[in-house]
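Student: Chain order of the listed sequences is A and B.
Residue numbers for the first sequence follow numbering that gives the first Met the number 0, beginning at 0 and rising by one.
Residue numbers for the second sequence follow numbering that gives the first Met the number 0, beginning at 0 and rising by one.
Where a beta carbon is used, it is the ideal one built from N, C-alpha and C, also for glycine.
Keep in mind that this is a model prediction, so the values were computed, not measured.
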Amino acid sequence: MTQADSLEAEVFSARFPQIARSEEPATIAALVGNLTLHEAGAGEALVAQGTPSDELFLVLDGRLDISIATANGERRLAAVDSGQMFGEMSLLDPAPAGASVVTEQGCTVLRIGRARLDALRREQPETAAPLLREVIRSLAARLQDATSFASGLESR
Amino acid sequence: MPDPKTLLRADTAFGELGDDDLDAFVGALEVERFPAGAELVSASAPSESLSLLTDGEAAIEGPTAGAFGNRPLGPGTWLGGFAGINALPGGLRVVATTDTEVARLSRRGYVQIHDARPAIRPALSMSLGIQLARRFRQVAETTGRRMGASVGRESAQLDYDVVVIGGGPHGIAYATWIKQDRPETRVAILEKRATPGFKIGESTLGPVIRSGLSLGLTVPIWRRLFNNKLGLEFWWMGEQDDQLYNHFDQVVEETFQLERRVFEVLMLTLARQAGVEIHQGTKVLAGESRLEGQPKEIVVETDAGDRLTVTAKVVCDASGPAAVLGRHRGIRHKNKQFNTNAYFGYFRQRSDPQIPRWDVPATRHLCFPQGWVWFIELASWQQASDEALQAMIDRLLELRPGEEDAYPTRMELAEQFGCPLDQWPVSIGVVPRSDIDTALDLPVQDRFQHYVDRYPAFKRIMATHELIPDPYPGHPPYVAYTDLVQYSDRYAGDGWLLVGDAAFFVNPLYSPGMTYGHSVASFAARETVAALERGDFSEQAFAAYDQAARTMCDALVADVEMMYRSFVHPDSFERCLLYRVATFIGLQHPRILQFGGVPAMQVMRPIRPPGPMAEAVASPEYVSGAKRIIATIVEREAAGESPDTIARAVRAIVDPAIEQIGALPGVQQLQLGTAFRYYDDALNRVPDKGDEYRGAVPVWRCGHCNNNNPVRFETCFVCGNPPRGAQPVSAATADAARV
């Protein structure tokens with residue numbers, strides 16, 4: 000694991016335009032400085048089902064599979080690609096992870112845990128704000144989607 | 000009762016703020032009280048503020064509310080929100096269940112505070128985020144399902160009887176008709192787009208309007224949302240001069256020019272009300288789905304990136320030109336034999352083109368040896384937001400089935416719901432035959448103009464029109480479609496079927512896609528219900544549908560090819576148009592008589608189209624006649640015969656047929672003369688019947704907004720004004736004070 004200081008803010012901005020848009024480059028540079036860069040190997044589990052987790056991950060490069068263990072074996076639910084994030088739920092409401100997130104071919108992610116984020120919010124609120132804004136936007140979109148599917152279940 | 004500051008002090012995120020920040024935030028809130036039953040957040044109007052429930056209880060309502068469980072919302076809960084900062088997904092209503100107090104933060108208040116107090120923005124996001132995350136877990140628990148990236152226990156499947164891929168008109172009609180005929184059927188529509196957007200395909204004929212009525216779309220609603228028209232107008236033009244020849248009109252019934260986004264929002268709303276489940280922003284991954292055998296397992300990807308499996312007994316592909324199943328199975332092809340291209344844009348008419356009868360409210364066709372040009376005037380709601388449009392449509396549906404006089408005018412609705420209205424952009428498109436399209440090698444933006452320059456009459460008309468450079472988001476000034484015709488080797492199999500443009504697409508003329516697409520969808524719904532009743536989803540169970548869809552496609556291909564080929568000569572153009580209409584009338588006149596002849600057609604009834612095998616266009620008599628005309632023209636052109644000689648050969652086929660039909664006593668009782676300016680009741684061509692001819696649908700044109708009102712209206716249903724001048728005028732004569 001290495002600090003992400005060396006990562007150019009421009010690279011981050013290109014990958015996550017929804018976060019960087021309308022922010023000062025200095026703000027994005029400061030945000031990136033507070034994220035931890037992690038190069039994961041092929042088949043590495045960044046989140047393991049059933050294990051406590053309070054981290055948010057932003058995928059810079061590569062692709063990960065989200066899957067759950069069921070009675071019938073591993074079931075793949077979704078994929079996360081570069082430019083997407085995962086772990087919003089665990090970050091905001093820490094609990095044992097409901098699914099595993101495993102790299103396919105290896106990937107590069109940026110990660111931040113709850114304690115670090117809380118400190119950042121207190122010390123540099125301007126830096127934390129754009130990330131949090133995207134976290135709730137993404138979560139609201141997922142919730143919208145989840146409820147519209149759930150209503151399908153309800154009405155039966 | 001708890002004040003906002005006490006509540007926020009207890010909040011994980013706000014609790015960490017300093018007193019100054021917290022006081023500043025509380026100072027930006029406006030406290031309001033509401034009685035039990037009051038609406039705190041509207042499902043349709045966009046939310047303008049974020050509210051903290053400070054006292055009392057509230058409940059979430061709406062189609063998806065069940066997912067949130069039954070626990071009431073209590074003090075400390077965030078409600079509403081504005082762009083980018085939302086406490087709840089859209090489309091949900093929140094209602095006070097006791098007397099309540101809320102502290103509201105307006106968007107302006109938010110902007111001011113976040114500039115002055117940087118710590119507040121992340122605290123607010125965090126506080127909202129924690130509630131969203133908990134709500135998410137609640138949804139997952141309520142439904143026992145796993146969703147998103149990090150919750151839940153196990154994967155659940157959505158299980159339906161019928162899944163429709165694509166939420167366009169045919170998929171919606173198919174799904175809703177099934178629901179009407181067999182209410183216990185679980186039907187879902189999976190639509191790729193999150194909300195309906197721009198599509199071409201604007202003109203409609205009676206069968207589409209009658210289908211809409213059968214789905215719950217009443218005439219007053221059609222009139223409020225769409226520009227009406229009374230029929231079709233055809234002219235022929237050549238390269239030799241700027242005159243129009245052999246005017247042919249057919250004014251039989253009030254139909255409408257559709258802006259497709261509005262139409263589809265409306266139809267989706269009706270389908271939802273009928274009990275069809277609609278999943279938008281949901282893309283079907285055919286390659287990962289299991290489409291053979293039972294049950295079908297359809298893998299979908301949502302806009303949020305989640306993958307889910309949906310199971311069904313019957314899968315209907317109504318995905319339009321995307322043709323999800325047809326392409327996946329490799330059974331969809333382009334027709335190589337006779338094809339057309341289309342080049343179109345949007346315009347404003349700036350002055351009168353000085354063409355007699357141009358004013359008749361109709362879809363106008365300018366036919367020429369290489370193809371034809373459409374002119375369609377639209378009422379455009381393009382500037383209305385999705386939310387405002389939906390709210391307006393919801394209101395119109397609430398007014399159903401009240402008296403038309405009780406409906407607001409179109410302009411009142413526009414005002415009330417903040418939906419800017421644009422009357423009337425004109426959709427204009429050139430459709431040349433691919434085999435003789437002389438513009439195909441030009442850049443796309445020059446192809447339309449190529450035909451304007453080539454045909455002097457077209458040029459004269461276009462001189463009175465001005466291009467709209469950016470009519471719709473992402474729509475360049477001119478759009479080109481080439482080689483339009485597509486068909487499939489098969490239209491159904493074991494538990495699957497193709498409808499609408501996903502089944503086949505024929506060359507445009509006489510709106511064949513929507514008109515006959517509804518007929519095909521109506522038959523598909525009937526056959527699907529029969530299969531569900533029998534519990535038989537074998538290939539055999541859908542064989543009749545497969546055959547009917549093929550018959551329809553073959554018939555329309557011949558029908559339209561005959562018309563395009565006839566355009567090479569002004570005489571064949573007029574004769575073949577009449578031959579087509581006459582044959583249909585000959586075949587269907589007993590049924591039309593039953594309803595009271597042509598004059599009675601102006602009363603629109605909710606009637607589902609009868610299915611391909613009962614359509615006159617698919618009758619063996621008509622199809623063989625059309626093929627005979629095609630063969631005559633093709634062979635004689637190949638032999639180098641002159642256009643006049645070929646036109647005489649066409650006449651030799653069609654004239655006896657028209658004469659025979661016109662002489663039928665039942666046909667003469669129809670009063671066809673009321674529907675045609677240039678024909679009498681026995682279908683003989685006569686001179687222009689003049690200004691006193693009123694057409695089958697008498698209307699008066701509003702001198703204020705140019706809308707055409709049926710004569711029984713005392714004021715205009717668009718702008719509310721009475722007619723200028725005492726006398727109602729016919730379809731063909733405009734109010735003198737046209738603006």
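From the DSSP output, read off the bridge partner residues of residue 675 of chain B.
Tutor: As a first step, residue 675 of chain B must be located in the second sequence, where it is residue number 676. The partner list for residue 675 of chain B (beta bridge, DSSP) is empty, contrary to what the question assumes.
Student: Mind listing which residues of the stretch 34-52 of chain B have their C-beta closer than 7 angstroms to chain A's C-betas, in chain order?
Tutor: Per Cβ criterion, the list is empty.
Student: Does any residue of chain A bring its CB to less than 9 angstroms from the CB of residue 233 of chain B?
Tutor: As a first step, residue 233 of chain B must be located in the second sequence, where it is residue number 234. Not one chain A Cβ lies under 9 angstroms of residue 233 of chain B.
Student: Chain A partners of residue 118 of chain B, CB-CB under 7 angstroms?
Tutor: Along the second sequence, one-based indexing puts residue 118 of chain B at 119. Near residue 118 of chain B (Cβ distances below 7 angstroms), the residues of chain A are 124.
Student: May I have a chain-ordered list of the alpha helix (DSSP H) segments no shorter than 4 residues that lie completely inside the stretch 261-336 of chain B?
Tutor: With a minimum length of 4 residues, the continuous alpha helix (DSSP H) runs that stay inside the stretch 261-336 of chain B are 323-328.
Student: Per DSSP, residue 102 of chain B is paired with what?
Tutor: For the purposes of this step, residue 102 of chain B is taken as residue 103 along the second sequence, with counting starting at 1. Residue 102 of chain B pairs with B:30, B:51.
Student: Can you tell me which residues form a DSSP beta bridge with residue 60 of chain B?
Tutor: Along the second sequence, read from residue 1 onward, the residue named residue 60 of chain B stands at position 61. Beta-bridge pairing links residue 60 of chain B to B:92.
Student: In chain order, what residues of the same chain lie with their CB nearer than 7 angstroms to the CB of residue 674 of chain B, ignoring the 5 residues before and after it?
Tutor: Within the second sequence, the letter at position 675 stands for residue 674 of chain B. Around residue 674 of chain B: 249, 250, 251, 597, 695.
Student: Compare the C-beta of residue 85 of chain B against all C-beta atoms of chain A and say whether one is closer than 9 angstroms.
Tutor: As a first step, residue 85 of chain B must be located in the second sequence, where it is residue number 86. Yes - at least one Cβ of chain A is within 9 angstroms of the one on residue 85 of chain B.
Student: If the cut is a Cβ gap below 7 angstroms, which residues of chain B does residue 83 of chain A touch?
Tutor: Residue mapping note: residue 83 of chain A aligns to position 84 of the first sequence, counting from 1. Those within 7 angstroms of residue 83 of chain A in chain B are 304.
Student: List the residues of chain A whose Cβ lies closer than 7 angstroms to the Cβ of residue 127 of chain B, in chain order.
Tutor: By one-based count along the second sequence, residue 127 of chain B stands at place 128. Here the neighbours are 135.
Student: Is it the case that the stretch 251-264 of chain B contacts the stretch 197-212 of chain B, given that we only count it when at least three CB pairs across the two stretches are under 8 angstroms?
Tutor: Yes: at least three Cβ pairs fall under 8 angstroms.
Student: Which residues in chain B have a C-beta closer than 7 angstroms to the C-beta of residue 143 of chain A? List them in chain order.
Tutor: For this step, residue 143 of chain A is matched to residue 144 along the first sequence. The answer, in chain order, is 88, 89.
Student: So, is residue 499 of chain B buried or exposed, given that buried needs 16 or more other C-beta atoms within 10 angstroms?
Tutor: Within the second sequence, numbered from 1, the residue matching residue 499 of chain B stands at position 500. Classification of residue 499 of chain B: buried, given that the 10 Å Cβ count is 16 or more.
Student: Please check the pair residue 307 of chain B and residue 299 of chain B, which I expect to be a contact at CB under 8 angstroms, by giving their CB distance rounded to whole angstroms.
Tutor: Counted from its first residue, the second sequence places residue 307 of chain B at position 308. Counted from its first residue, the second sequence places residue 299 of chain B at position 300. About 5 angstroms; that satisfies the 8 angstroms criterion.
Student: Under 6 angstroms Cβ to Cβ from residue 54 of chain A, same chain only, skipping five residues before and after it: list those, please.
Tutor: Taking the first residue of the first sequence as position 1, residue 54 of chain A is located at position 55. Cβ within range, chain order: 86, 110, 112.
Student: Any C-beta of chain B within less than 9 angstroms: which residues of the stretch 12-38 of chain A qualify?
Tutor: Residues passing the 9 angstroms Cβ filter: none.
Student: Is it right to say residue 284 of chain B is buried, meaning 16 or more other beta carbons lie within 10 angstroms of its own, or is it exposed?
Tutor: Mapped onto the second sequence, residue 284 of chain B falls at position 285. Burial call: exposed.
Student: Measure the CB-CB distance between residue 661 of chain B and residue 581 of chain B and report whether it falls below 9 angstroms.
Tutor: Position 662 of the second sequence, counted from the first residue, corresponds to residue 661 of chain B. Position 582 of the second sequence, counted from the first residue, corresponds to residue 581 of chain B. Cβ atoms of residue 661 of chain B and residue 581 of chain B: closer than 9 angstroms.
Student: Quick check: is the beta carbon of residue 92 of chain A nearer than 9 angstroms to any beta carbon in chain B?
Tutor: For the purposes of this step, residue 92 of chain A is taken as the residue at position 93 of the first sequence. True, the Cβ-Cβ gap to chain B drops below 9 angstroms.
Student: Could you check what DSSP says for residue 517 of chain B in three-state terms: helix, strand or coil?
Tutor: Position 518 of the second sequence, counting from 1, holds the residue named residue 517 of chain B. Reduced to three states, the DSSP call for residue 517 of chain B is helix.
Student: Secondary structure at residue 478 of chain B, three-state DSSP: helix, strand or coil?
Tutor: Taking the second sequence and counting its residues from 1, one reaches residue 478 of chain B at position 479. Three-state result, residue 478 of chain B: strand.
Student: Please report whether the beta-carbon of residue 566 of chain B lies at a distance below 9 angstroms from any beta-carbon of chain A.
Tutor: Stepping through the second sequence from its first residue, residue 566 of chain B is reached at position 567. Output row for residue 566 of chain B: interface = no.
Student: Who are the near neighbours of residue 451 of chain B in its chain, counting only those whose CB is closer than 6 angstroms to its CB and skipping five residues on each side?
Tutor: Indexing the second sequence from 1 puts residue 451 of chain B at position 452. Counting only Cβ-Cβ distances below 6 angstroms, and skipping sequence neighbours, we find 457, 458, 461.
Student: Report the rounded CA-to-CA distance for residue 466 of chain B versus residue 433 of chain B, giving the unit in angstroms.
Tutor: The sequence position of residue 466 of chain B within the second sequence is 467, counting from 1. The sequence position of residue 433 of chain B within the second sequence is 434, counting from 1. Looking at the two C-alpha atoms, the distance is approximately 25 angstroms.
Student: Taking only the alpha-carbon atoms, compute the straight-line gap between residue 704 of chain B and residue 21 of chain B and give it to the nearest angstrom.
Tutor: Looking up residue 704 of chain B in the second sequence gives position 705. Looking up residue 21 of chain B in the second sequence gives position 22. In a straight line, the C-alpha of residue 704 of chain B is about 55 angstroms away from that of residue 21 of chain B.
Student: Return helix, strand or coil for residue 458 of chain B, following the three-state DSSP convention.
Tutor: Locating residue 458 of chain B in the second sequence gives position 459, where the first residue counts as 1. Residue 458 of chain B: helix per DSSP, three-state reduction.
Student: Taking 9 angstroms as the threshold (beta carbon to beta carbon), is residue 114 of chain A in contact with chain B?
Tutor: Locating residue 114 of chain A in the first sequence gives position 115, counting from the first residue. Not closer than 9 angstroms to any Cβ of chain B, the Cβ of residue 114 of chain A fails to qualify, so no.
Student: Round the Cβ separation of residue 588 of chain B and residue 645 of chain B to the nearest angstrom and send it over; I've been treating them as touching at under 8 angstroms.
Tutor: Counted from its first residue, the second sequence places residue 588 of chain B at position 589. Counted from its first residue, the second sequence places residue 645 of chain B at position 646. With 8 angstroms as the limit, residue 588 of chain B and residue 645 of chain B do not qualify as a contact, their Cβ atoms being about 31 angstroms apart.
Student: Do you know offhand how far residue 22 of chain A's Cα is from residue 183 of chain B's?
Tutor: The sequence position of residue 22 of chain A within the first sequence is 23, counting from 1. The sequence position of residue 183 of chain B within the second sequence is 184, counting from 1. Computed Cα separation, rounded: 52 angstroms.
Student: Check whether the Cβ of residue 420 of chain B lies closer than 9 angstroms to any Cβ atom in chain A.
Tutor: What you label residue 420 of chain B is simply residue 421 of the second sequence in a count that begins at 1. No, no contact with chain A.
Student: Name the DSSP beta bridge partners of residue 248 of chain B, please?
Tutor: Taking the second sequence and counting its residues from 1, one reaches residue 248 of chain B at position 249. According to DSSP, which records beta bridges pairwise, residue 248 of chain B is partnered with B:232.
Student: So residue 182 of chain B contacts chain A; which residues on that side make the cut at Cβ distance below 9 angstroms?
Tutor: Sequence index remark: in the second sequence, residue 182 of chain B carries index 183 (1-based). Those within 9 angstroms of residue 182 of chain B in chain A number zero; the least Cβ separation is about 12 angstroms.
Student: First and last residue of the beta strand (DSSP E) that includes residue 700 of chain B?
Tutor: Within the second sequence, the letter at position 701 stands for residue 700 of chain B. Unbroken beta strand (DSSP E) run through residue 700 of chain B: 698-700.
Student: List, in order along the chain, the chain B residues whose C-beta lies closer than 7 angstroms to that of residue 164 of chain A?
Tutor: Nothing about residue 164 of chain A can be read from this structure; chain A reaches only from 0 to 155.
Student: Helix, strand or coil for residue 505 of chain B? Go by DSSP, reduced to three states.
Tutor: Numbered from 1 along the second sequence, position 506 holds the residue referred to as residue 505 of chain B. In this structure, residue 505 of chain B counts as coil in the three-state DSSP scheme.
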